[in-house]
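Enquirer: All residue numbers for the sequence shown refer to UniProt numbering, where the first residue is 1 and numbers rise by one.
Ideal Cβ positions, reconstructed from N, Cα and C, are used throughout, including at glycine.
Keep in mind the model is a prediction, meaning the values are calculated, not measured.
Starting off with a structure, shown below.
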Amino acid sequence: MRSFIEKLNNVASTVNILMVDDRLENLIALEAILDSPNYRLFRAHSGEEALRHVLTTEFAVILLDVQMPGMNGFETAELIKMRERSKYVPIIFITAISQAAEHVKHGYSVGAIDYIFKPFHPDTLKMKIDAFVQMYRYQEQIKLQNELMTVIGDTSNDALVTVNEQGVIQMINRAAGRMFGYVPEKLIGQSIDLLVPSLTSKLAVTASSETKVVETRALRNAVISFPVDTQIGRASFASSPFYVCFIRDVTEREAMREERFRSIFDATPFLIALRSMKDKRYINVNESFLSAIGRPIAEVINQTADLLHYIADSDDKGEMISNRNDPWKPVRNVRIRYMISNGDLREGLLSCEIMQIHGEECLLSMVIDISERTFLEKEMIRLDRLNLTGEMAAGIVHEIRNPMTTIRGFLQLSRNNPTNEYNDIMIEELDRVHEIVTEFLAVGATAPATRQLKELNAVIETLFPLIQSKALTSNHEIALDLGECPPLHLNEKELRQLILNLVLNGLDAMSEGGSLTIRTRSDDSKVIMEVQDQGSGIKEEFLDKLGTPFFSTKSSGTGLGLSVCYGIAARHNAVIKVQSSVKGTSFFVEFNRLSEL
Numbered sequence: 001m002r003s004f005i006e007k008l009n010n011v012a013s014t015v016n017i018l019m020v021d022d023r024l025e026n027l028i029a030l031e032a033i034l035d036s037p038n039y040r041l042f043r044a045h046s047g048e049e050a051l052r053h054v055l056t057t058e059f060a061v062i063l064l065d066v067q068m069p070g071m072n073g074f075e076t077a078e079l080i081k082m083r084e085r086s087k088y089v090p091i092i093f094i095t096a097i098s099q100a101a102e103h104v105k106h107g108y109s110v111g112a113i114d115y116i117f118k119p120f121h122p123d124t125l126k127m128k129i130d131a132f133v134q135m136y137r138y139q140e141q142i143k144l145q146n147e148l149m150t151v152i153g154d155t156s157n158d159a160l161v162t163v164n165e166q167g168v169i170q171m172i173n174r175a176a177g178r179m180f181g182y183v184p185e186k187l188i189g190q191s192i193d194l195l196v197p198s199l200t201s202k203l204a205v206t207a208s209s210e211t212k213v214v215e216t217r218a219l220r221n222a223v224i225s226f227p228v229d230t231q232i233g234r235a236s237f238a239s240s241p242f243y244v245c246f247i248r249d250v251t252e253r254e255a256m257r258e259e260r261f262r263s264i265f266d267a268t269p270f271l272i273a274l275r276s277m278k279d280k281r282y283i284n285v286n287e288s289f290l291s292a293i294g295r296p297i298a299e300v301i302n303q304t305a306d307l308l309h310y311i312a313d314s315d316d317k318g319e320m321i322s323n324r325n326d327p328w329k330p331v332r333n334v335r336i337r338y339m340i341s342n343g344d345l346r347e348g349l350l351s352c353e354i355m356q357i358h359g360e361e362c363l364l365s366m367v368i369d370i371s372e373r374t375f376l377e378k379e380m381i382r383l384d385r386l387n388l389t390g391e392m393a394a395g396i397v398h399e400i401r402n403p404m405t406t407i408r409g410f411l412q413l414s415r416n417n418p419t420n421e422y423n424d425i426m427i428e429e430l431d432r433v434h435e436i437v438t439e440f441l442a443v444g445a446t447a448p449a450t451r452q453l454k455e456l457n458a459v460i461e462t463l464f465p466l467i468q469s470k471a472l473t474s475n476h477e478i479a480l481d482l483g484e485c486p487p488l489h490l491n492e493k494e495l496r497q498l499i500l501n502l503v504l505n506g507l508d509a510m511s512e513g514g515s516l517t518i519r520t521r522s523d524d525s526k527v528i529m530e531v532q533d534q535g536s537g538i539k540e541e542f543l544d545k546l547g548t549p550f551f552s553t554k555s556s557g558t559g560l561g562l563s564v565c566y567g568i569a570a571r572h573n574a575v576i577k578v579q580s581s582v583k584g585t586s587f588f589v590e591f592n593r594l595s596e597l
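Put into structure tokens, the structure is as follows:
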């Protein structure tokens with residue numbers, strides 16, 4: 001760059017001047033007048049010799065005698081102007097034969113820019129030559145500057161386009177041709193919108209002192225769309241405003257950005273879907289969404305039907321949210337339920353936003369699964385109720401147990417009196433009250449009981465005769481399906497109570513002839529006991545209330561039996577889960593495997 005600037009500053013410091021005359025004395029006279037260290041003077045004694053010089057040397061100006069033997073000055077000038085390299089070299093005719101207007105006109109017609117008539121004043125000739133030489137130097141500087149701009153523009157990877165106020169292309173570099181797939185020269189006079197659609201509309205809002213960068217999309221060969229950054233600057237030349245546009249292809253950058261977004265998009269546990277507002281087709285979904293609906297991406301993209309159904313959380317009837325609210329409007333954290341591929345209902349928070357993507361209006365929906373959080377919230381509520389019940393139990397049991405003991409003692413003494421036929425009934429009822437109080441105490445128990453390493457299957461097999469006896473009494477069947485299970489740290493007394501309560505509830509839920517099955521199995525992290533009955537099932541709206549003290553689905557139940565079961569499970573760090581349908585109910589007690597409970 002430094003050598004180029006030096007070349008620009010020193011352009012044509014010594015210029016070439018060609019003098020053509022068939023008379024030697026005239027050439028010597030011209031040399032005497034034009035002698036200067038800034039001029040290199042060339043002689044030619046004929047038109048033919050002048051043409052040979054023009055073929056090999058670049059001249060700032062040519063002094064050409066009109067009247068020469070053989071090829072005259074007019075013919076020589078005409079041939080010089082026919083050659084591309086020398087067509088713009090200024091020619092001054094020197095003549096003494098005529099000053100007729102038609103003769104001068106002929107000279108101008110073949111390319112002369114001035115005439116000097118013999119005899120001429122030396123200073124006049126010198127001033128004219130100096131003026132033409134100065135013009136030549138200016139032209140050379142401009143030529144070099146243009147060459148520099150062309151080189152810079154052509155070596156740039158960015159497209160450089162200048163347009164007028166109407167968006168018509170005035171100049172374009174070769175990089176633009178490569179970028180957009182056109183011959184650059186053929187784009188001159190075309191609208192910039194051919195390359196970057198709607199860019200003309202953005203020109204008018206660009207102030208003279210402002211440089212604006214616009215992220216938009218361009219067209220290659222008027223067909224292939226690709227992302228570009230367009231820097232627009234407003235300028236003025238010769239009182240005419242114009243715009244300079246630098247256009248950069250950012251396909252690689254956008255691909256990297258999209259790859260980063262895709263990684264985050266697919267890694268997030270949230271269910272995300274992008275759909276067209278126009279035709280409701282799926283444009284993109286993430287892995288969590290695909291996992292929830294149980295379909296591959298190929299079966300989702302461009303589908304228009306709703307693949308994930310939202311149910312209003314407060315709607316016990318299961319009415320679709322699309323029937324209650326417009327699902328194509330922005331919402332934030334709407335509490336919903338939604339069904340996944342295995343038929344389970346999950347709870348979530350739905351948010352929707354409308355956005356523009358590549359000029360298309362789209363709906364971005366996101367579901368945050370809060371099923372675990374909701375479960376924990378309900379579990380905390382249940383535990384709070386249990387704690388409250390425990391506090392109540394501790395306070396009232398001591399108040400009622402002593403008088404109950406006294407009453408029972410007197411009634412036992414009076415049983416020997418045959419005249420009192422109600423004593424047995426009163427004793428039976430007091431025993432019932434005693435049983436309720438005992439269960440109430442069990443519900444309120446929070447202290448961990450002593451546990452030992454026990455086989456779950458062994459505890460069940462020990463209880464089996466008692467369970468079978470209960471089943472035969474009520475005309476039911478009992479089946480065992482015990483799989484291999486590792487030992488667990490258990491309190492056998494509490495576990496027997498848990499199993500008995502679940503079994504008795506199952507027997508009560510079935511009509512005569514029904515079968516109840518006790519199963520056990522284990523996996524890498526859990527040991528699971530299942531108690532399955534063939535009753536009519538539990539209504540869905542009651543499932544969340546199971547384990548709440550005093551809530552019972554039986555008309556004569558107290559609601560304390562299941563509360564005791566949940567308390568025992570909690571003290572064993574186990575979890576009780578329920579599945580119910582019209583064909584029956586299964587209670588699953590999941591113990592942590594190989595952990596110090």
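Round the Cβ separation of residue 589 and residue 529 to the nearest angstrom and send it over; I've been treating them as touching at under 8 Å.
Expert: Sure, about 5 Å apart at Cβ, within 8 Å.
Enquirer: Helix, strand or coil, according to DSSP, for residue 236 in the structure here?
Expert: Here residue 236 sits in strand by DSSP.
Enquirer: State the Cα-Cα distance for the pair residue 179 and residue 369, rounded to the nearest angstrom.
Expert: Answer to the nearest angstrom: the Cα atoms are 46 Å apart.
Enquirer: Taking residue 272 as the reference, which of 278, 264 and 279 has the closest Cα?
Expert: If we check each option's Cα against that of residue 272, 264 comes out closest.
Enquirer: In angstroms with no decimal places, state the Cα-to-Cα distance between residue 539 and residue 215.
Expert: C-alpha separation (whole angstroms): 57 Å.
Enquirer: Bridge partners of residue 249, per DSSP?
Expert: Answer by DSSP bridge pairing, in chain order: 228.
Enquirer: Can you tell me whether DSSP reads residue 519 as helix, strand or coil?
Expert: Residue 519: strand per DSSP, three-state reduction.
Enquirer: Under DSSP, the alpha helix (DSSP H) around residue 30 begins and ends at which residues?
Expert: Unbroken alpha helix (DSSP H) run through residue 30: 24-34.
Enquirer: What are the boundary residues of the alpha helix (DSSP H) that includes residue 492?
Expert: Element bounds for residue 492: 492-509.
Enquirer: Could you pull the DSSP bridge partners for residue 590 from this structure?
Expert: Answer is 528 and 575.
Enquirer: According to DSSP, is residue 340 part of a helix, a strand, or is it coil?
Expert: Coil.
Enquirer: Of the residues 254, 500, 454 and 82, which one's Cα is nearest the Cα of residue 54?
Expert: Among 254, 500, 454 and 82, the Cα nearest to that of residue 54 belongs to 82.
Enquirer: State the DSSP-derived secondary structure class of residue 284, mapped to helix, strand or coil.
Expert: Here residue 284 sits in strand by DSSP.
Enquirer: Starting from residue 459, follow the alpha helix (DSSP H) in both directions and report where the run begins and ends.
Expert: First-last of the alpha helix (DSSP H) with residue 459: 456-473.
Enquirer: Would you give the residue range spanned by the alpha helix (DSSP H) that residue 219 belongs to?
Expert: Residue 219 -> not in any alpha helix (DSSP H); beta strand (DSSP E) instead, spanning 211-220.
Enquirer: Which of the three DSSP states is assigned to residue 17 in this structure?
Expert: Strand at residue 17.
Enquirer: Could you compute how far the alpha carbon of residue 275 sits from the alpha carbon of residue 343?
Expert: Approximately 24 Å, taken between the alpha carbons.
Enquirer: CB-CB under 6 Å to residue 87, same chain, minus the five flanking residues each way: which ones, in chain order?
Expert: Taken in chain order, the residues that qualify are 81.
Enquirer: In angstroms with no decimal places, state the Cα-to-Cα distance between residue 188 and residue 170.
Expert: Going by the C-alpha atoms only, they are around 6 Å apart.
Enquirer: The alpha helix (DSSP H) with residue 50 in it runs from where to where?
Expert: Segment 47-56, the alpha helix (DSSP H) holding residue 50.
Enquirer: Please state whether the Cβ-Cβ distance between residue 115 and residue 93 is less than 9 Å.
Expert: A contact, by the Cβ cut-off of 9 Å.
Enquirer: Pair every Cβ in the stretch 241-253 with every Cβ in the stretch 161-169, then say whether three or more of these pairs are closer than 8 Å.
Expert: In short, these stretches touch, since the Cβ pair count reaches three.
Enquirer: Drop a sphere of 10 angstroms on the beta-carbon of residue 204, count the other beta-carbons inside from all chains shown, and report buried for 16 or more, exposed for fewer.
Expert: Its Cβ having fewer than 16 others within 10 Å, residue 204 is exposed.
Enquirer: According to DSSP, residue 76 sits in a beta bridge with which residue or residues?
Expert: Partner(s): none; residue 76 has no beta bridge.
Enquirer: Please list, in chain order, all residues of the same chain as residue 126 whose beta carbon is under 8 Å from its beta carbon, the five residues on each side excluded.
Expert: Answer for residue 126: 33 and 34, listed in chain order.
Enquirer: Taking the straight line between their C-alpha atoms, what separation do you get for residue 357 and residue 586?
Expert: About 49 Å.
Enquirer: Under DSSP, the beta strand (DSSP E) around residue 355 begins and ends at which residues?
Expert: Residue 355 -> beta strand (DSSP E) spans 345-357.
Enquirer: What are the boundary residues of the alpha helix (DSSP H) that residue 365 is part of?
Expert: Note, residue 365: premise wrong, no alpha helix (DSSP H); beta strand (DSSP E) at 360-369.
Enquirer: Relative to the alpha-carbon of residue 226, which residue among 240, 251 and 235 has its alpha-carbon at the smallest distance?
Expert: That would be 251, whose Cα lies nearest to the Cα of residue 226.
Enquirer: May I ask you to report which of helix, strand or coil DSSP gives residue 199?
Expert: Residue 199 falls in the coil class under three-state DSSP.
Enquirer: From residue 371 to residue 359, what distance separates their C-alpha atoms?
Expert: Whole-angstrom Cα-Cα distance: 36 Å.
Enquirer: Work out the CA separation of residue 584 and residue 322 for me, nearest whole Å.
Expert: Confidence in residue 322 is poor, its pLDDT being 43 and thus under 50, which makes the residue's placement unreliable; the coordinate value appears in the next sentence. Rounded to whole angstroms, residue 322 to residue 584 spans 32 Å at the Cα level.
Enquirer: Suppose you measure from the CA of residue 235 to the CA of residue 364; what does that come to, to the nearest Å?
Expert: For residue 235 and residue 364, the distance between alpha carbons rounds to 41 Å.
Enquirer: Going by DSSP, which residues form a beta bridge with residue 43?
Expert: Answer is 19.
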